[in-house]
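> Position one of the sequence shown corresponds to residue 181 (our numbering), numbered consecutively onward. We put the beta carbon where it would ideally sit given N, CA and C, even for glycine.
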Amino acid sequence: MDDYQYEREEDRRALWIKDFPPVSLSGVSKFRHWLFPALGAVVILVLIIAVGASNTKMSNRLWSVEQSNSNLSNVIQSLNASLQQAQETAKEVQKLKFIVENNKDQLTSVSEALKQLSVVDSLSKSIASLKCSLEHFIKNSSATGGCCPFNWDLFGSSCYYFSSLSLSWNGSKDWCEKEGSHLVILTTNEEWDFVTHHTMPNPFWVGLTDGRTGRWEWVNQTPYIIERRRWMPGQPDSWTGHGLHGNEDCAQLHSSGRLNDMHCSKQLRYICQKHSLRG
Ligand SMILES: [Ca+2]
């Protein structure tokens, strides 16, 4: 190796040393110096986070428990209120029981009185009959027809009621039945004359219908055979053009005193009939 080559070799080594300086032992020492505190800090941070999370969970549990306690308190309050109410009701029941026991005798008396009402009703009819006999005796009347209630007219052995109010045919039928009577049944010429004398010129319901079987019958279900002279011309016509749905199934005494079939819901005056009281 000549000098030139040696110098070049030296230069090359110098360059190599300059490019890659040797690792300093003081840098490793510094890294080690910070490594453990950093790890410690990380561990502490992790511990803080863990404890925080644990605290949050605990807080949530505590809140749930508090809520449960609150609900339980409400339930207990409700139960106490219900219990108090039940106790008050029980006291009221006891009071009622006491009152009923004390008034048992009176209640028995009321019950007996109610039982006797039917007897009183029968007695009332007997008194009315007796009154009728006395009236006949006082008037020295030989009439054998009997007596009628106030506002009812006697004819033959029947009493007749000519209403001033208007009802449907069924309403009229019910009204008569409540009074112990029925819608009028006309069989003899005398009855027709008597009744029409009272009704004309007003229309009245009579106890005639074909609504039950399609054939005309009286309210006591006696069949009725049509007499043309008793009906208005062209009647019965079972007219359906009145807008009331259905046929005309009920008979009215027309203003002319003759019959016409009419829709049963029509509101008309009515005639009731029942047996007179025997004097
Ligand atoms: Ca008609």
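#1: Taking C-alpha atoms, which residue in K284, P403, G336, Q447 lies nearest to R392?
#2: Quick check on the DSSP output: the beta strand (DSSP E) that includes G391 runs from which residue to which?
#3: Could you have a look at V203 and say whether DSSP puts it in helix, strand or coil?
#4: So does P413 have its beta carbon nearer than 7 Å to some heavy atom of ligand 1?
#5: Using the Cα positions of S418 and S343, report the straight-line distance between them to the nearest angstrom.
#6: Since S352 and S445 are thought to touch, with beta carbons under 8 Å apart, how far apart are those beta carbons, to the nearest angstrom?
#7: Take the Cβ of V203 as the centre, count every other Cβ of all protein chains shown within 10 Å, and call the residue buried at 16 or more, exposed below.
#8: Helix, strand or coil for N440 per DSSP?
#9: Taking buried to mean at least 16 other C-beta atoms within 10 Å of its own C-beta, is T288 buried or exposed?
#10: Starting from the C-beta of C356, find all residues in its chain whose C-beta is less than 6 Å away, skip the five residues before and the five after it, and write them out in chain order.
#11: Taking buried to mean at least 16 other C-beta atoms within 10 Å of its own C-beta, is F330 buried or exposed?
#12: Mind checking whether Q447 and S346 have CB atoms under 8 Å apart?
According to the structure data:
#1: Within the sequence shown, the letter at position 212 stands for residue 392. The shortest CA-to-CA distance from R392 to any of K284, P403, G336, Q447 is the one to P403.
#2: Taking the sequence shown and counting its residues from 1, one reaches residue 391 at position 211. No beta strand (DSSP E) holds G391; DSSP gives it neither H nor E.
#3: Mapped onto the sequence shown, residue 203 falls at position 23. Any reading at V203 must be qualified, since the residue scores a pLDDT of 49, below 50, and its modelled position is unreliable; the value itself is stated next. Looking at V203 - three-state DSSP - the assignment turns out to be coil, as it is neither helix nor strand.
#4: Here residue 413 is taken as the residue at index 233 of the sequence shown, counted from 1. Incorrect: P413 has no Cβ contact closer than 7 Å to ligand 1.
#5: In the sequence shown, residue 418 corresponds to position 238, counting from 1. In the sequence shown, residue 343 corresponds to position 163, counting from 1. Cα to Cα, the separation comes out at about 26 Å.
#6: Against the sequence shown, residue 352 aligns to sequence position 172. Against the sequence shown, residue 445 aligns to sequence position 265. Going by Cβ atoms, the distance from S352 to S445 rounds to 11 Å, so no, they are not a contact pair.
#7: Reading the sequence shown from its first residue, position 23 is the one you call residue 203. Reliability of the predicted coordinates at V203 is poor, the pLDDT of 49 falling under 50, and no value is obtained from them.
#8: For this step, residue 440 is matched to residue 260 along the sequence shown. The answer is strand: DSSP assigns N440 an E or B state.
#9: To locate residue 288, count along the sequence shown from 1; it is residue 108. Exposed: under 16 other Cβ atoms inside 10 Å.
#10: To locate residue 356, count along the sequence shown from 1; it is residue 176. Excluding sequence neighbours, C356 sits near H362, L363, C452.
#11: As a working note, residue 330 is residue 150 in the sequence shown. Exposed, by the Cβ-count rule.
#12: Here residue 447 corresponds to residue number 267 of the sequence shown, with the count starting at 1. Here residue 346 corresponds to residue number 166 of the sequence shown, with the count starting at 1. Against a cut-off of 8 Å, the Cβ pair of S346 and Q447 comes out as a contact.
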